[in-house]
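Asks:
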Amino acid sequence: MSPLHKALYRKMLNANCEPDERQERMINAELARCLVWLYWISGIMMLLCFFHDKLQSNAVSALTLTWMFIFFFITNFTVVNRLGWELARPENISMETLPHYLRQYKKSIFWDGVFMAAYLSILGMNIIRPIYLSFILCTVYVVLLKIKLYREEKAALLQILTDKPSDQEEKDDEPAA
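With the numbering used here applied, the sequence shown covers 891 to 1067.
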């Protein structure tokens, strides 16, 4: 934990001691859970505010901009964060863990696609009538885009696995002592 985080921990809990490693892991896990909830809630609220603004034929309201700022700040924070990339694509992927990783990636692509289709259909609500046609067109576009991204990620992971020498080969190459 950084010195700022430790100072906040001491201040909030009125503790005179530093948190130990177990407590740090628990605090980080809870903060990550809060960040995920805030991400999804801000995204849903942003969509609802966009929908309300479109129904009222208003420009984007300050409330919508606030939810949009929170949502895109969290998105950019997780994408730009160096540690986030290490978690997103672990270096210890093997043939055994690849199906699990790809399953998780499919789920994230699905929910991202649903969100993007809803967002695009709300933006095109006044342009394409009826509204369900807008949602269908946006869904097809986003699904095709996400399938392309999934295939690229799978190919990149398989390339990493084929380029990475196995542990058994490395042990065979070492001279016996």
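Cβ coordinates follow ideal geometry from the N, Cα and C atoms, glycine included. Computed from a predicted model, the values in this text were never measured in an experiment.
Give me the Cα-Cα distance between E911 and Q946, rounded to the nearest whole angstrom.
Replies: Locating residue 911 in the sequence shown gives position 21, counting from the first residue. Locating residue 946 in the sequence shown gives position 56, counting from the first residue. One C-alpha to the other measures close to 52 angstroms.
Asks: Quick one: is T954 buried, meaning 16 or more other Cβ sit within 10 Å of its Cβ, or exposed?
Replies: Here residue 954 refers to the residue found at position 64 when the sequence shown is read from its first residue. Its Cβ being crowded by 16 or more others within 10 Å, T954 is buried.
Asks: Quick test of the definition: if touching needs 3 or more C-beta pairs under 8 angstroms, does the stretch 927-946 touch the stretch 895-902?
Replies: No: the two stretches stay apart, fewer than three of their Cβ pairs being nearer than 8 angstroms.
Asks: Mapping the DSSP letters down to three states, classify D910 as helix, strand or coil.
Replies: What you label residue 910 is simply residue 20 of the sequence shown in a count that begins at 1. Residue state, collapsed to three classes: coil.
Asks: Within the same chain, show all residues whose beta-carbon is closer than 8 angstroms to that of L928, passing over the 5 residues directly before and after it, in chain order.
Replies: For the purposes of this step, residue 928 is identified with residue 38 of the sequence shown, where counting begins at 1. So the list reads I960, I964, once near-sequence residues are dropped.
Asks: With H, G and I counted as helix, E and B as strand and the rest as coil, what does DSSP make of N918?
Replies: Residue numbering aside, residue 918 sits at position 28 when the sequence shown is read from its first letter. Looking at N918 - three-state DSSP - the assignment turns out to be helix.
Asks: In whole angstroms, what is the alpha-carbon distance linking F1000 and N904?
Replies: For the purposes of this step, residue 1000 is taken as residue 110 along the sequence shown, with counting starting at 1. For the purposes of this step, residue 904 is taken as residue 14 along the sequence shown, with counting starting at 1. Taking the straight line joining both Cα atoms gives about 43 angstroms.
Asks: Within 10 angstroms of its Cβ, does I1012 collect 16 or more other Cβ (buried), or is it exposed?
Replies: Along the sequence shown, read from residue 1 onward, the residue named residue 1012 stands at position 122. Per the 10 Å Cβ criterion, buried.
Asks: At the level of alpha carbons, what is the spacing between L1027 and E908?
Replies: The count along the sequence shown starts at 1 and reaches residue 1027 at position 137. The count along the sequence shown starts at 1 and reaches residue 908 at position 18. Each residue's alpha carbon lies about 54 angstroms from the other.
Asks: Could you work out which residue in D1002, L992, V1033 is closest to L1048 when comparing CA atoms only?
Replies: The count along the sequence shown starts at 1 and reaches residue 1048 at position 158. Comparing Cα positions, the closest option is L992.
Asks: Pop quiz: D943 and S932 are said to be a contact at Cβ under 8 angstroms. What is the actual Cβ separation, rounded to whole angstroms?
Replies: Position 53 of the sequence shown holds residue 943. Position 42 of the sequence shown holds residue 932. Contact flag wrong, Cβ pair sits at about 16 angstroms.
Asks: What's the C-alpha gap between L925 and F1005?
Replies: Counting from one through the sequence shown, the residue named residue 925 turns up at place 35. Counting from one through the sequence shown, the residue named residue 1005 turns up at place 115. Spanning the two alpha carbons is a distance of roughly 18 angstroms.
Asks: Hey, out of I917, A919, K901, L1051, whose CA is closest to S987's CA?
Replies: Translated into positions along the sequence shown, residue 987 becomes position 97. Note that residue 987 is Thr in the sequence shown here, rather than Ser. That would be L1051, whose Cα lies nearest to the Cα of T987.
Asks: Quick one: residues in its chain with C-beta nearer than 7 angstroms to the C-beta of K1044, no 5 flanking neighbours on either side, listed in chain order?
Replies: To locate residue 1044, count along the sequence shown from 1; it is residue 154. Counting only Cβ-Cβ distances below 7 angstroms, and skipping sequence neighbours, we find L992.
Asks: What did DSSP end up calling T987 once you bin it into helix, strand or coil?
Replies: Locating residue 987 in the sequence shown gives position 97, where the first residue counts as 1. In the structure shown, T987 sits in coil (DSSP, three-state: anything other than H, G, I, E or B).
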